[in-house]
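Okay, so here's the structure we're looking at.
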């Protein structure tokens, strides 16, 4: 059986838990508290040398890291994976957009604000730039979703799961989604998908 | 014919130019000077709403963005793409590692130091943390390359191209690679691949 090492508050981990639920794939959940350094122990670093959850142990013992690589692995051959070459590349385009232009801003600010009582002085200095870049990412999404129901191929799939993970909790980082009505409508469409589970869902 | 919108100093763009050279795929190069804001014009934003190079225009007019998504598109069905499901996921694992845990530190510091005369006050404050995280990424690579010749499947492929892009110019950000002998040996192996071109190569 698959074993998922995860932290329940993580949007990156939630992406994987959401897809596993929608695939109805059984797995064992091992919670690792990143706030207590449990992903930086020698034992965990032997699983993922980069010291991050989620990490998925496959049946043969192999560990996979990086949420979007895990999503790709799990989705291959299912309805959630893109069916043709261009759609695969477009899906990866949005997944890399999420990890490079969205997560470091929206997820990081949400992490600072949601899990800690106050920001450090350096975080205070970085905050305006991070907020601005987070809103820029929401703007790119809003523009795309003004013309499309989902991110790729007009159907729910991996790119939507990847972007939903932290967008739906952006308010926990004090991002205001009201100026992004197409993003809000898409969030509702994703939440209405069969088999949808919330971020606090445990299998 | 493919059209690549690129900035010659970009390691992200170079990844694509390197693979295109090794595939012997002809393309038209359109240079965009990111230092002059040429990727933030209305014309460019119509190609990539995220305002970044590289962007690849396909024969049907479609634009693809995100260097690693472009690499994936170009490599499908070639010797540079992984042949099985696990290797595909491991390749993506390293590509997402590169964009999340390597590029924002090594490439960003190199960008600050290589293209500008001095750092801004905020960049000066962020520098120690960015250097530390860049070295952490090199440490993860060093550990892996101590046991493997290449990143996935013991053969040169997409993960190597993705990680080579900015690792080989890390010194331009004042990163010292001497403590990473396995990384240095791997850089030499990549540079010795058939069809290798340097970052200033134009087709």
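Residue numbers (the working numbering), protein chains in the order written: chain A, 1 to 203; chain B, 1001 to 1203. From the three backbone atoms N, C-alpha and C, an ideal C-beta is built for every residue, glycine too. Since we're looking at a predicted model, the values are computed, not measured.
Closest by C-alpha distance to residue i, when choosing among the options
i	options	result
residue 201 of chain A	A:18, A:137 and A:48	A:18
residue 1009 of chain B	B:1034, B:1069 and B:1028	B:1034
residue 145 of chain A	A:122, A:2, A:114 and A:164	A:164
residue 1049 of chain B	A:148, A:180 and A:137	A:137
residue 1193 of chain B	B:1002, B:1022 and B:1016	B:1022
residue 1056 of chain B	B:1128, B:1028 and B:1082	B:1028
residue 167 of chain A	A:133, A:130, A:187 and A:96	A:187
residue 1073 of chain B	A:81, A:74 and A:90	A:90
residue 76 of chain A	B:1088, B:1076, B:1071 and B:1080	B:1088
residue 62 of chain A	A:71, A:52, A:46 and A:51	A:46
residue 196 of chain A	A:2, A:16, A:120 and A:4	A:16
residue 1020 of chain B	B:1182, B:1185 and B:1002	B:1002
residue 1162 of chain B	B:1080, B:1037 and B:1030	B:1080
residue 1116 of chain B	B:1036, B:1198 and B:1092	B:1036
residue 1171 of chain B	B:1044, B:1148 and B:1111	B:1111
residue 1155 of chain B	B:1093, B:1189 and B:1179	B:1189
residue 1147 of chain B	B:1042, B:1129, B:1181 and B:1120	B:1181
residue 93 of chain A	B:1092, B:1179, B:1070 and B:1082	B:1070
residue 1060 of chain B	A:86, A:178 and A:129	A:86
residue 143 of chain A	A:113, A:179 and A:44	A:179
C-beta contact flag for residue i and residue j at 8 Å
i	j	result
residue 157 of chain A	residue 150 of chain A	yes
residue 1013 of chain B	residue 1109 of chain B	no
residue 54 of chain A	residue 84 of chain A	no
residue 1169 of chain B	residue 1159 of chain B	no
residue 1122 of chain B	residue 125 of chain A	yes
residue 1025 of chain B	residue 1032 of chain B	no
residue 1175 of chain B	residue 1134 of chain B	yes
residue 1183 of chain B	residue 1131 of chain B	no
residue 30 of chain A	residue 58 of chain A	no
residue 1051 of chain B	residue 1199 of chain B	no
For residue i: DSSP bridge partner residues
i	result
residue 155 of chain A	A:152
residue 1031 of chain B	B:1006
residue 119 of chain A	For residue 119 of chain A, which the question treats as bridged, DSSP gives no partner whatsoever.
residue 1056 of chain B	B:1004 and B:1064
Quick check: the region 100 to 119 of chain A against the region 1099 to 1111 of chain B, are there 3 or more CB pairs under 8 Å?
yes
Report yes or no: do the region 1057 to 1067 of chain B and the region 88 to 102 of chain A share at least 3 C-beta pairs separated by less than 8 Å?
The answer is yes - the region 88 to 102 of chain A touches the region 1057 to 1067 of chain B, with three or more Cβ pairs under 8 Å.
Tell me which residues of the region 1099 to 1129 of chain B have at least one Cβ-Cβ distance to chain A shorter than 8 Å, keeping chain order.
1099, 1100, 1101, 1103, 1104, 1122, 1125, 1126 and 1129
Give me the subset of the region 1070 to 1082 of chain B whose CB atoms are less than 8 Å from a CB atom of chain A, sorted by chain position.
Those residues of the region 1070 to 1082 of chain B that come within reach of chain A (Cβ to Cβ, closer than 8 Å) are 1070, 1072, 1073 and 1076.
Any C-beta of chain A within less than 9 Å: which residues of the region 1011 to 1034 of chain B qualify?
none
Contact residues within the region 1176 to 1188 of chain B, judged by C-beta distance below 8 Å to chain A
Of all residues in the region 1176 to 1188 of chain B, none is placed with a Cβ closer than 8 Å to any Cβ belonging to chain A.
What residues from the region 1044 to 1059 of chain B come within 7 Å of chain A, judged by C-beta to C-beta, listed N to C?
1049 and 1050
Chain-ordered residues of the region 81 to 97 of chain A with a beta carbon less than 9 Å from chain B:
85, 86, 88, 89, 90, 91, 92, 93, 94, 95, 96 and 97
Residues, ordered as in the chain, of the region 1137 to 1153 of chain B that lie near chain A by beta-carbon distance below 9 Å:
1137, 1139, 1140, 1143 and 1144
Given a limit of 7 Å on CB to CB distance, which residues of the region 154 to 167 of chain A reach chain B?
The residues in question: there are none.
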